[in-house]
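Those letters in the sequence shown? Residues 0 to 260, by numbering that gives the first Met the number 0.
Even for Gly, the Cβ is constructed at its ideal location relative to N, Cα and C.
First the structure, in the form of structure tokens, and then the observations on it.
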Amino acid sequence: MDDVKEARDPAPAVTRSIRLLGLLADAGGPRTLTELAGGLGLAKSSTANLCLALEAAGMIERSANGYRLGLRTAELGGAFAAQFNQVREFYSVCDSSDVLRQELVQVAMLDGADALYLARHEGSLSLRLGTPLGSRLPAALSAAGRALFAAMSDDDVVARLGEDAVFPALTERSTTTLAGLLEILAATRKRGWALDAEESFRGIVGVAVPLPGWAPADPPLSLGVAIRAIEADFERIERVAAALQEAARALTNPFSAAARR
Numbered sequence: 000m001d002d003v004k005e006a007r008d009p010a011p012a013v014t015r016s017i018r019l020l021g022l023l024a025d026a027g028g029p030r031t032l033t034e035l036a037g038g039l040g041l042a043k044s045s046t047a048n049l050c051l052a053l054e055a056a057g058m059i060e061r062s063a064n065g066y067r068l069g070l071r072t073a074e075l076g077g078a079f080a081a082q083f084n085q086v087r088e089f090y091s092v093c094d095s096s097d098v099l100r101q102e103l104v105q106v107a108m109l110d111g112a113d114a115l116y117l118a119r120h121e122g123s124l125s126l127r128l129g130t131p132l133g134s135r136l137p138a139a140l141s142a143a144g145r146a147l148f149a150a151m152s153d154d155d156v157v158a159r160l161g162e163d164a165v166f167p168a169l170t171e172r173s174t175t176t177l178a179g180l181l182e183i184l185a186a187t188r189k190r191g192w193a194l195d196a197e198e199s200f201r202g203i204v205g206v207a208v209p210l211p212g213w214a215p216a217d218p219p220l221s222l223g224v225a226i227r228a229i230e231a232d233f234e235r236i237e238r239v240a241a242a243l244q245e246a247a248r249a250l251t252n253p254f255s256a257a258a259r260r
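Here it is, written out as structure tokens:
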């Protein structure tokens, strides 16, 4: 069956290269030629040819322990995020905020059932951890993802996730059921901001707000802050949430339907 699919593929080398990049992105570290060949189901000689072409293009690089993603992939990721007006203005808006200039602030979008992180502002007091650019978290568990879901109807959330959706228990606090998520989203809509109380990472509290797309073709985004749990008293959470709401207003197109509501 795979042979039939590949025979219909108009550019099998491109498809294989994309799969190889995906293997390296998911690996979290270098992978040897043997490991890559096994993951692709290809001969080592064919895999080596793919690696040579990708290495020449700067998409991957060779280290003592194998192959890893190259600098060109970071440039492309940055170029993708920079397509959106809000991401380009995000850093200056954070720097102009008395609250957010001190915080770790991130921009995320939905990709399937995940929150995909596109941009990151390192504040003066920010955490030296969190979600690296291009990384993902289950949207049902992260504040950034919940802010995006809260901007949708419950029916749309169920359609996206499935009626039988269950979520991984990343910590002992994680919500794992769709019914539990819908209750959380109702509370999120009522107060105007989303909360992740150590459900994605132990010791980290997330606060986030939705950010409607600037142009009709832009995806909905969210703005979120990660705070150490030991520092996340309710006063700070509310202060951060208010600052995020103000930043979202500054980053929302004044002529958009969302801004007029």
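Note: G205 is bridge-paired with D195 and A225 in the DSSP secondary-structure output.
Here A142 is actually not in contact with A178; their C-beta atoms are around 19 Å apart, not less than 8 Å.
Within the model, the alpha-carbon separation for A52 versus T33 is close to 17 Å. Per the coordinates, the alpha-carbon of L20 lies some 23 Å from the alpha-carbon of R119.
Per the Cβ contact rule, the region 245-252 is in contact with the region 203-214 (3 or more Cβ pairs under 8 Å).
For S44, the enclosing alpha helix (DSSP H) starts and ends at K43 to A55.
Taken in chain order, the unbroken stretches of beta strand (DSSP E) that lie wholly in the region 153-197 and span 3 residues or more are 193-196. Between the alpha carbons of D97 and R87 lies a gap of roughly 20 Å. Residue range F233 to A249 is occupied by the alpha helix (DSSP H) that includes A246. Non-local C-beta neighbours of M151 in its own chain, meaning closer than 8 Å and more than five positions away in sequence, comprise R159, ordered along the chain.
Taking the CA atoms as reference points, S221 sits about 27 Å from L68. Beta-bridge partners assigned by DSSP to I59: L68. Between M108 and L115, the gap from beta carbon to beta carbon is short of 8 Å.
Using a Cβ distance threshold of 8 Å, A139 and T174 count as a contacting pair. Secondary structure note for L99: it is in no alpha helix (DSSP H), with a DSSP letter that is neither H nor E. Shortest Cα-Cα distance from L23 to any of P11, E230, P9 and N64 involves N64.
Here T176 is not near E197, since their CB atoms are 8 Å or more apart. The continuous alpha helix (DSSP H) containing P11 extends over residues P11 to A26.
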